[in-house]
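In mature numbering (1 follows the signal peptide of the UniProt record, and there is no 0), the protein residues as written are -19 to -1, 1 to 167.
Here a beta-carbon is modelled for each residue, glycine too, at the ideal position from N, C-alpha and C.
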């Protein structure tokens, strides 16, 4: 009897532990999506998209510029002769800029997404705080600064994917702590 109760307890505990895994979300700028804001174009500009995104490595993500400003990532719908890129502020904000380009963009030239290696575009910590990928080029204690969470909080170093709950180091004005990620948007 005790063995049966123990087995049932372990069975339910395993589901409770799995419920806290880091959830991997694929940002979908075109089509149905859940738990993300749908892109809403607030501004249309002429510009150029000249390379794959430096913030998220996936085939439809580009680095673009218009009017002296860099937009990264911008997303281009799959298919031939695409001359529009949608550049949302973040996975959780729908406000977007549409960049019209003169030359059609070819997603086939870009690297495909590999969630086991790529860094997410945005993450949500288990505290609810959201952090967005940045291309700062800054280093803290010999570790790259990868995400900005608030004006004074950053995620640094390498994403730890060894466990079902991913983690990173968070630099705050008070020091550095390990934080866990509840969601990761690719």
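| Any beta strand (DSSP E) of 3 or more consecutive residues that is wholly inside the segment 64 to 123 | DSSP runs (the beta strand (DSSP E)) wholly in the segment 64 to 123: 74 to 86, 103 to 106, 111 to 114.
| field | Distance between residue 83 and residue 146 (C-alpha atoms, nearest Å) | value | Within the model, the alpha-carbon separation for residue 146 versus residue 83 is close to 43 Å.
| said: Taking the beta carbon of residue 98 as the centre, do at least 16 other beta carbons fall within 10 Å, making it buried, or is it exposed? | reply: So residue 98 ends up on the exposed side.
| For residue 56, does the three-state DSSP call read helix, strand or coil? | Annotated three-state conformation of residue 56 is strand, per DSSP.
| task | Please say whether residue 76 and residue 113 have beta carbons closer to each other than 8 Å? | result | At least 8 Å separates the beta-carbon of residue 113 from that of residue 76.
| query | Between the segment 154 to 164 and the segment 62 to 69, do three or more beta carbon pairs fall short of 8 Å? | reply | Under the three-pair Cβ rule at 8 Å, the segment 154 to 164 does not count as touching the segment 62 to 69.
| Around the Cβ of residue 47, are there at least 16 other Cβ atoms within 10 angstroms (buried) or fewer (exposed)? | Counting Cβ neighbours within 10 Å, residue 47 comes out buried, since at least 16 surround it.
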